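> Once you've had a glance at the structure underneath, I'll fire off some questions.
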Amino acid sequence: MSIDKATVAHIAALARIRVPEADRERLAGELRKIVAWIEQLDEIDTTGVEPMASVVEMTTPQRPDAVNDGDCRDKVLANAPAASHGFFTVPKVVE
Amino acid sequence: MELCDLTIAQARDGLGARRFSARELTEAHVKAMEVARGLNAFITETPERALIDAARADVRIAAGDARALEGIPLAIKDLFCTEGVLTTAASHILDGFKPPYESTVTAKLWAQGAGMLGKANLDEFAMGSSNITSYYGAVRSPWRRRGDDRPLVPGGSSGGSAAAVAARIAMAALGTDTGGSIRQPASFTGLVGMKPTYGRCSRWGIVAFASSLDQAGSLTRTVRDSAIMLRAMSGHDPKDSTSATLPVPDYEAALTGNIRGLRFGVPKEYRVEGMPAEIEKLWQTGIEWLRAAGAEPVDINLKLTKYALPTYYIIAPAEASSNLARYDGVRFGLRVEGKSIEEMYEATRAEGFGDEVKRRILIGTYVLSAGYYDAYYLKAQRVRALIAADFKRAFETVDVILTPTAPNAAFAVGEKMDDPLAMYLNDVFTVPISLAGLPAISVPAGLSSEGLPLGLQVIGRAFDEETVLRAAESLERAANFTARPPVLS
Chain W
394 MSIDKATVAH IAALARIRVP EADRERLAGE LRKIVAWIEQ LDEIDTTGVE PMASVVEMTT
454 PQRPDAVNDG DCRDKVLANA PAASHGFFTV PKVVE
Chain C
666 MELCDLTIAQ ARDGLGARRF SARELTEAHV KAMEVARGLN AFITETPERA LIDAARADVR
726 IAAGDARALE GIPLAIKDLF CTEGVLTTAA SHILDGFKPP YESTVTAKLW AQGAGMLGKA
786 NLDEFAMGSS NITSYYGAVR SPWRRRGDDR PLVPGGSSGG SAAAVAARIA MAALGTDTGG
846 SIRQPASFTG LVGMKPTYGR CSRWGIVAFA SSLDQAGSLT RTVRDSAIML RAMSGHDPKD
906 STSATLPVPD YEAALTGNIR GLRFGVPKEY RVEGMPAEIE KLWQTGIEWL RAAGAEPVDI
966 NLKLTKYALP TYYIIAPAEA SSNLARYDGV RFGLRVEGKS IEEMYEATRA EGFGDEVKRR
1026 ILIGTYVLSA GYYDAYYLKA QRVRALIAAD FKRAFETVDV ILTPTAPNAA FAVGEKMDDP
1086 LAMYLNDVFT VPISLAGLPA ISVPAGLSSE GLPLGLQVIG RAFDEETVLR AAESLERAAN
1146 FTARPPVLS
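So the protein sequences, as listed, match chains W and C. In our numbering, each number is its position in the first sequence, counted from 1, plus 393. In our numbering, each number is its position in the second sequence, counted from 1, plus 665.
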């Protein structure tokens, strides 16, 4: 399926980025070009190839399940655009 | 010799012999930073901090207690979190963000006595190859084409880091490399740029772009300085479970100057269409240099080279779309108010992200979305496995691989700007290595006909930075690159 204005609106909504109606056609064109270019991967036979999730051949180290950080609420909140009473604040989500 | 022209190794000797103090060394660099403000290499300058660091260093030196980077003033790419110091990733969306913690790699540098001159400019979220996508404005290279005064890009995304070291503002700089963001700017500005093996340095505290590819590294003026920096930066970090538990070698000790018997691969797939003849010629010259030093060239195949870029442009945006989900106007940075929480998210992200970042988030969201995940994302991960296997096979017969770093020299601000795909091609020789997680270094090897630096890239086996550095030093000696950016003379 080719990327059109409706696709742009859909993925922009998924990505939580407002894309004004006026920009959707231009973005659809740019994304179509990029996707057409990445589709050259179809030329490669990848039958039976495991998808690579990590480039380093190593087992993830384990550590004790113990708290080793935290207790710094005010430091965490210091960067919040809005906070009160020790909480982040956001627009009302429950009527 | 001017203090700002010294390498780290020379400064270490000079400080040790008390020929100058860390304060004098740092003051000279702070002055250089002021003079060169037109380059826009820094987002935040921290001269007071640098002078405090220098004063501490002088105390250690006087006590005979100097560490590996004692008194060395550095520029830090503004993608590393620095405690209490504005950290922006060159994005509007991180407005005012002062991290309450320090990245592991910067903490290691401070623990070795280094000082911080400031936070270097970059492409927004490290997405770019020209440093024109920064919210804080483009960085200008200190280089110019012969007889042409138009400003040139320093490359990207570590463009501010590169400009600062090339212009003798900083003795070295921290960068990050996801698809070439250290090596390509190093090539454009006549510097040594090292991307270590994925896992060699901790990613903790680096603003994440594509977590399976991101790696910290350095930009320096010599290979020896690169070795000094790498040793200080490397090592396992419990806070990054992908960081390697291997011991960290003394990389300087690996610079024996002897590459006799070394086998180096020359992949014919790196002769890409449209590559300028002078880059092909420089590559041949590099082959001759290594041969003359006793190494043996071996023709190799890296058949999937041309598929690396499209693979990268699925995987990197996919990971970015996920990593950048955290910028929602709630916990840090910019918030644009909205009537509902969804409106607030959408308005914040629309205003906070620049065009290239939005484009990549949208592509990433698309390739991960229902119905496309298998066709694009899993396909790319499969191709990535094949690309890594290509390298593994090659390294059964060779010790390192020699290629050009970039298919072109630096370009002017405004050139190559209309087409995102044309810009992506800058990374055609660096991206395959990133996908395979291997170490690679760019060494300045010569000048283009227009008088601009060109780099050659040495690629090594995973965690064999020592051989990479040894071969790079041999190239460096043969190339004897002494050109300086015209704005300095």
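Idealized CB from N, CA, C, for every residue including glycine. Here the structure is a predicted model, which means the values were calculated and not measured.
Restricting to runs no shorter than 3 residues, where is the beta strand (DSSP E) found entirely within the region 727-763 of chain C?
If we require 3 residues or more, the beta strand (DSSP E) runs fully inside the region 727-763 of chain C come out as 738-742.
> Could you give the DSSP three-state label for residue 454 of chain W: helix, strand or coil?
As a position in the first sequence, residue 454 of chain W is number 61, starting the count at 1. It is coil, neither helix nor strand.
> Taking any Cβ of chain W, which residues in the region 925-950 of chain C have a Cβ under 7 Å from it, in chain order?
Listed by position along the chain: nothing, the set is empty.
> Mind checking who residue 840 of chain C pairs with in its DSSP beta bridge?
For the purposes of this step, residue 840 of chain C is taken as residue 175 along the second sequence, with counting starting at 1. Answer is C/882, bridged to residue 840 of chain C.
> Would you mind reading off the limits of the alpha helix (DSSP H) that contains residue 769 of chain C?
Here residue 769 of chain C refers to the residue found at position 104 when the second sequence is read from its first residue. Looking at the DSSP string, the run of the alpha helix (DSSP H) that includes residue 769 of chain C is 769-776.
> Under 9 Å, CB to CB, which of the residues in the region 411-424 of chain W have a partner in chain C?
Correct list: 411, 412, 413, 420, 423 and 424.
> Residues in its own chain within less than 6 Å of residue 997 of chain C by CB, not counting five upstream and five downstream?
Within the second sequence, the letter at position 332 stands for residue 997 of chain C. So the qualifying residues of the chain are 762.
> What runs of the beta strand (DSSP E), each 3 residues or longer, lie entirely inside the region 781-831 of chain C?
None, since the region 781-831 of chain C contains no complete beta strand (DSSP E) of that length.
> Strictly by DSSP, which residues pair up with residue 1122 of chain C?
For the purposes of this step, residue 1122 of chain C is taken as the residue at position 457 of the second sequence. C/1068 and C/1107, per the DSSP bridge assignment.
> Within this structure, are the beta carbons of residue 919 of chain C and residue 958 of chain C separated by less than 8 Å?
What you label residue 919 of chain C is simply residue 254 of the second sequence in a count that begins at 1. What you label residue 958 of chain C is simply residue 293 of the second sequence in a count that begins at 1. Cβ atoms of residue 919 of chain C and residue 958 of chain C: not closer than 8 Å.
> Taking 8 Å as the threshold (beta carbon to beta carbon), is residue 477 of chain W in contact with chain C?
Residue numbering aside, residue 477 of chain W sits at position 84 when the first sequence is read from its first letter. Chain C, which has no Cβ nearer than 8 Å to the Cβ of residue 477 of chain W, makes this no.
> Tell me, which residues are paired with residue 928 of chain C by DSSP?
Position 263 of the second sequence, counted from the first residue, corresponds to residue 928 of chain C. C/961, per the DSSP bridge assignment.
> Can you find a C-beta in chain W that's less than 8 Å from the C-beta of residue 1049 of chain C?
As a first step, residue 1049 of chain C must be located in the second sequence, where it is residue number 384. Closer than 8 Å: yes.
> For residue 426 of chain W and chain C, any beta-carbon pair shorter than 8 Å?
On the first sequence, position 33 is the one that residue 426 of chain W refers to. Chain C, which has a Cβ nearer than 8 Å to the Cβ of residue 426 of chain W, makes this yes.
> Just to confirm my understanding: we take residue 1064 of chain C, look at its own chain, exclude 5 residues before and 5 after, and list those with CB closer than 7 Å. What are they?
On the second sequence, position 399 is the one that residue 1064 of chain C refers to. Around residue 1064 of chain C: 927, 928, 929 and 1132.
> What in chain C is Cβ-close to residue 480 of chain W, meaning under 7 Å?
As a first step, residue 480 of chain W is located in the first sequence; it is residue number 87 there, counting from the start. Ordered by position in chain C, no residue passes the 7 Å Cβ test against residue 480 of chain W, which lies about 11 Å from the chain.
> Between residue 447 of chain W and chain C, is there a C-beta pair that is closer than 8 Å?
What you label residue 447 of chain W is simply residue 54 of the first sequence in a count that begins at 1. Taking Cβ atoms only, chain C reaches closer than 8 Å to residue 447 of chain W, which makes this a yes.
> Determine, for residue 468 of chain W, whether the minimum Cβ-Cβ distance to residues of chain C falls below 8 Å.
Reading the first sequence from its first residue, position 75 is the one you call residue 468 of chain W. Residue 468 of chain W counts as touching chain C.
> Using alpha carbons as the reference points, say which of W/471, W/412 and W/440 lies closest to residue 1008 of chain C.
Residue mapping note: residue 1008 of chain C aligns to position 343 of the second sequence, counting from 1. Residue 1008 of chain C has its Cα closest to that of W/412, out of W/471, W/412 and W/440.
> Return helix, strand or coil for residue 1009 of chain C, following the three-state DSSP convention.
Residue 1009 of chain C sits at position 344 when you count from the first residue of the second sequence. Here residue 1009 of chain C sits in helix by DSSP.
> Between the beta-carbon of residue 774 of chain C and the beta-carbon of residue 734 of chain C, is there less than 8 Å?
Sequence index remark: in the second sequence, residue 774 of chain C carries index 109 (1-based). Sequence index remark: in the second sequence, residue 734 of chain C carries index 69 (1-based). In this structure, residue 734 of chain C lies closer than 8 Å to residue 774 of chain C by Cβ.
> Tell me the residue span of the alpha helix (DSSP H) that contains residue 404 of chain W.
Residue mapping note: residue 404 of chain W aligns to position 11 of the first sequence, counting from 1. Segment 398-407, the alpha helix (DSSP H) holding residue 404 of chain W.
> Going by C-alpha distance, which of C/1126, C/1127 and C/1112 is nearest residue 1120 of chain C?
For the purposes of this step, residue 1120 of chain C is taken as residue 455 along the second sequence, with counting starting at 1. For residue 1120 of chain C, the nearest C-alpha among the options comes from C/1112.
> Classify residue 1021 of chain C as helix, strand or coil using the three-state DSSP reduction.
As a working note, residue 1021 of chain C is residue 356 in the second sequence. Correct three-state label for residue 1021 of chain C: helix.
> Just checking, does the region 785-805 of chain C make contact with the region 1034-1047 of chain C on the three C-beta pairs under 8 Å criterion?
With the cut-off at 8 Å, the region 785-805 of chain C and the region 1034-1047 of chain C do not touch.
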